[in-house]
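One structure below.
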Amino acid sequence: MKISCDVIRDLLPLYVDEVLSNDSKTLVDEHIEQCESCRDELKKLSGDEVHSCAVNQIENKSIYDSLNKIRKRISFKIQITVLISVIFTAIVAVGAWDYYDNHRIYMPYKEAKIKWVKDSMQTSEKYRDVVQVISTDGKSLIIVLNRTHRTSNDSSYSDRVIWKGPNREYSYEDKNGEEKLANIEEVYYMSSDAWERYKEREVLIYNIPQDEFNLERYKREFNVVKRKSKLIWTKSNGFIG
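Going by this note's numbering, 235 is the number at position 126 of the sequence shown; the sequence numbering is gapless.
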């Protein structure tokens, strides 16, 4: 049976895609063997198919390369973010530990449990430091105990004697920078309000100043802190805490 070229050309795309039945494929094969025009048309279709596959492969490779670049960029950003997070966490941890280990906390007088033993002030409580501030005339002494968050777990900061008493030499530098022996007549324990003022103003943290201006500031600040503090010992009455 003679099949027209128009019919064969309608079948050629299906032939190229290999979706024809065996009988239809046989008919196309027999026709293109004898028909040069349809054979050329088949070559064109086959060439377009190959070109289309090549284009698809190129497009797929381009998409893959683009996705791979995006993945690498995202991965790099994630790595940078993680690194920054680790560094930030380490800084916070070090700062928190330093604060935990070194930040001074006021110890109230009741918790200090100070007592008078063998002409000296002592305590069995654990603490970090004893702050001692002396008046410019060497007659008044203000003391306070402080601790850190770690002190309660670290006995190495425990020390019984916090003031050696009036019978032991207590030297200080006067306004002229000369070392003198103190003649302590009264001892005060710093209150919480006085402690906050002491830390905030920082006037009494240093030694007795030698210049007149700072000396007056020191005297005024000392008297303010003394008024806010608790009298716990006098030369005439002894320990009255």
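In this text, a Cβ means the ideal position worked out from N, Cα and C, and glycines have one as well.
Under the assumption that residue i contacts residue j (Cβ atoms under 8 angstroms), give the Cβ distance between them as a whole number of angstroms.
i	j	result
Asp228	Asn292	Actually they do not touch by this definition, with Cβ atoms about 16 angstroms apart.
Gly350	Ile196	At roughly 50 angstroms, the Cβ-Cβ gap does not stay under 8 angstroms, so Gly350 and Ile196 are not in contact.
Glu295	Thr343	5 angstroms
Leu254	Met216	4 angstroms
Tyr69	Leu313	Residue 69 is absent from the model: the chain starts at 110 and stops at 350.
Ile271	Ile243	Rounded, the Cβ-Cβ distance is 15 angstroms, inconsistent with contact.
Three-state secondary structure (DSSP) at residue i?
i	result
Tyr236	coil
Arg213	coil
Lys352	With the chain running from 110 to 350 in the structure shown, residue 352 is simply not present.
Arg326	helix
Arg118	helix
Val253	strand
Ile112	coil
Ile243	strand
Glu127	coil
Cys144	coil
Ile317	coil
Ser300	coil
Lys308	helix
Lys248	coil
Glu139	helix
Val195	helix
Glu287	coil
Looking only at DSSP bridge pairs, what is residue i linked to?
i	result
Thr343	Glu295, Gly347
Lys224	Gln231
Trp272	Met230
### Message
Three or more C-beta pairs under 8 angstroms: does that hold for the region 182 to 191 against the region 295 to 308?
### Response
Too few Cβ pairs lie closer than 8 angstroms, so no.
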